[in-house]
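Comments concern the structure below.
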Amino acid sequence: MELEYKGNNLIVTGLKDFDLKHIFDCGQCFRWNADGDGSYIGVARGRALRIKQSGDTLTLYDTSEKDFESVWRGYFDLDRDYGEIKKKLASDDVMRAAVLYGGGIRILNQDLWETVVSFIISASNNIPRIKGIIERLCAAFGKEIEYGGEIYYSFPDFEALARLTPEDLAPIRAGFRDKYIIDAARRFASGDIDEKYIRSLDAEGAKKELMRINGVGNKVANCILLFGLSHTEAFPVDVWIKRIMEYCYFDGEESIEAISRFALERFGDLGGFAQQYLFFYARENKIGTV
DNA sequence: CACCAGGCAAGCC
DNA sequence: GGCTTGCATGGT
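Numbering-wise (my numbering), the first sequence opens with residue 6 and increments by one.
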């Protein structure tokens, strides 16, 4: 992987196991959108970014080396060897196919607070609507970010949301999840839930702590562990994962608990990566929906 | 018009 | 403890 500058744009070459479409469409994030001409625009960690991939070359527009090193290198998980992960996972026909299909997936290292709220919103919802709710939340309560002559909005911090009531969130149209968002914000703002403390815990302890938040159950907590806390053994089982696992590894219907146990035993610390390859493969091919 | 969407909490037994 | 049900909203 090499870096060079052309004007204000940072060019990264020599990428392996990296594909923006796979990364943004595997269900882990909600704030990146295709913008014609193959580029994507998104907001993360309080910064907006236009990014474009062509083969093994990535262009980050109007990006300083400082921002790349302090934010984007870690966010895109560029220092992890996904070739090794894929090799280990591709030990059966199902995973071989899934890894081949979504070979450019990376698990983004996202902000914990944003991940908590985003996956609270994800409950009993669909991805286009989740994205809509989050964009309205950011536009209403986030901070303005100017980038490339346009205005974007940061994800609102918990102090801003802790001051609100469910009625204030009505325009966001989050439905029954509005009170959960506010419960989460108040717990973070009061220190009842503490990011440093959560990060000091192992996956099991962090999960227990997260599940104290109203609206965070087993599945949402697993998503937060994986996408916001780098606990790569977390294997969130949603309807898509349940379907593809039942279809490919079981003989018909199976409980979420049994599927989770199977995943931990088979994939171990790589469960989260396996989950992302499977989710992308299942959704893009509508596997199990018949 | 049912039914479903990256589930969860509250209310039952 | 496990099992059932209501939940907001929008798309099919």
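From the three backbone atoms N, C-alpha and C, an ideal C-beta is built for every residue, glycine too.
- Per DSSP, Q115 lies in no alpha helix (DSSP H) and is assigned neither H nor E.
- In this structure, R192 lies away from D116, with their beta-carbon atoms at least 9 Å apart.
- For R36, no alpha helix (DSSP H) encloses it, and the DSSP letter there is neither H nor E.
- Y80 has its alpha-carbon roughly 23 Å from the corresponding atom of K92.
- For R182, no alpha helix (DSSP H) run applies, since DSSP gives it neither H nor E.
- In this structure M6 is exposed. Its beta-carbon is surrounded by fewer than 16 other beta-carbon atoms within 10 angstroms.
- For N14, the enclosing beta strand (DSSP E) covers residues 14-18.
- Rounded to whole angstroms, the gap between the alpha carbons of T237 and I264 is 17 Å.
- For V122, the three-state secondary structure derived from DSSP is helix.
- DSSP places K57 inside the beta strand (DSSP E), whose first and last residues are 52-59.
- From the listed residues F146, A95, D82, A268, the smallest Cα separation to L234 is found for D82.
- Taking all protein chains in view, the Cβ of I125 is crowded by 16 or more other Cβ atoms within 10 Å, so the residue is classified as buried.
- CA-to-CA, the gap between G196 and L166 works out to about 14 Å.
- Cβ contact annotation for R168 (same chain, cutoff 6 Å, sequence separation greater than five): none.
- With respect to the 9 Å criterion, I112 and V48 are not classified as neighbours on the basis of their beta carbons.
- Assignment of G257 by DSSP, reduced to helix, strand and coil, places it in the coil class.
- Distance check between K148 and each of G108, A53, E262, L8 places A53 closest, using alpha-carbon atoms only.
- At a Cβ-Cβ threshold of 9 Å, S69 and R55 do not count as neighbours.
- Excluding residues up to 5 positions away in sequence, I264 lie with their Cβ nearer than 6 Å to the Cβ of M250 in the same chain.
- Relative to I198, the option among M216, C31, A208 whose CA is nearest is M216.
- In the structure shown, K291 falls within a coil segment according to DSSP collapsed to helix, strand and coil.
- Between the alpha carbons of I187 and P171 lies a distance of about 7 Å.
- Secondary structure remark: continuous beta strand (DSSP E) runs of at least 3 residues inside the stretch 140-218, in chain order: 149-152, 155-158.
- A straight-line Cα-Cα distance of about 28 Å links P133 and Y87.
- Segment contact: the stretch 154-162 against the stretch 214-230, fewer than three CB-CB distances shorter than 8 Å; contact not assigned.
- Here DSSP, grouped into helix, strand and coil, assigns S96 to coil.
- Counting only the Cα atoms, E9 lies some 34 Å from F284.
- Per the coordinates, the alpha-carbon of C253 lies some 28 Å from the alpha-carbon of R85.
- Excluding sequence positions up to five before and after F146, its CB lies within less than 7 Å of the CB of P161, A165, L166, all in the same chain and listed in chain order.
- Judged by DSSP secondary structure, A49 falls within the beta strand (DSSP E) whose first and last residues are 44-49.
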